[in-house]
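Structure first, commentary second.
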Amino acid sequence: MFLTTVLLRKRIPGKQWIGKYRRPRVVTISMKQAMIRRLEIEAENEYWLSRPYLTQEQEYKHNTEERRAKWEAFKSLTKAKFPEHRYISDHLNHLNVSKKWTS
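Just so we're aligned: the sequence shown equals residues -14 to 88 in the numbering used here.
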């Protein structure tokens, strides 16, 4: 509890767990242990991320064929959904039936 709350016998205004003048939560041993556990997991993750499996020379362009194959598959998939090209001559070809000005 706040010191002023005890000394002046005032209460915490509004809800006691939210707001600017809220009652602070008590930090328990299980909270401390959980925080230590999370920090240990994070330290282990940083350890494994700092040591790469491949060197930069090995990693450079190591899967270009696979990426190109995926890109070609994606392109063919989007092309299959897209309709074929249409030309204005195909739409207006029926007007060429009676073309008298050309010989």
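Quick reminder that beta carbons are idealized off the backbone N, C-alpha and C, glycines included.
These numbers were taken from a predicted model, which means no experiment stands behind them.
Using alpha carbons as the reference points, say which of the options lies closest to residue i.
i: Tyr6; options: Ser15, Ile14, Arg(-4) and Thr13; result: Arg(-4)
Can you give the Cα-Cα distance for residue i and residue j, rounded to whole angstroms?
i: Ile49; j: Lys60; result: Per the sequence shown, residue 49 should be read as Thr rather than Ile. Answer to the nearest angstrom: the Cα atoms are 16 Å apart.
i: Glu69; j: Glu51; result: 28 Å
i: Tyr45; j: Tyr38; result: 13 Å
i: Lys64; j: Thr40; result: 37 Å
i: Leu(-12); j: Asn30; result: 42 Å
i: Leu62; j: Arg53; result: 14 Å
i: His76; j: Lys66; result: 22 Å
i: Met16; j: Ile26; result: 15 Å
Closer than 6 Å by C-beta to residue i: which residues in its own chain qualify, once you throw out the five before and the five after it? Chain order, please.
i: Arg8; result: Ile(-3) and Gln1
i: Arg71; result: none
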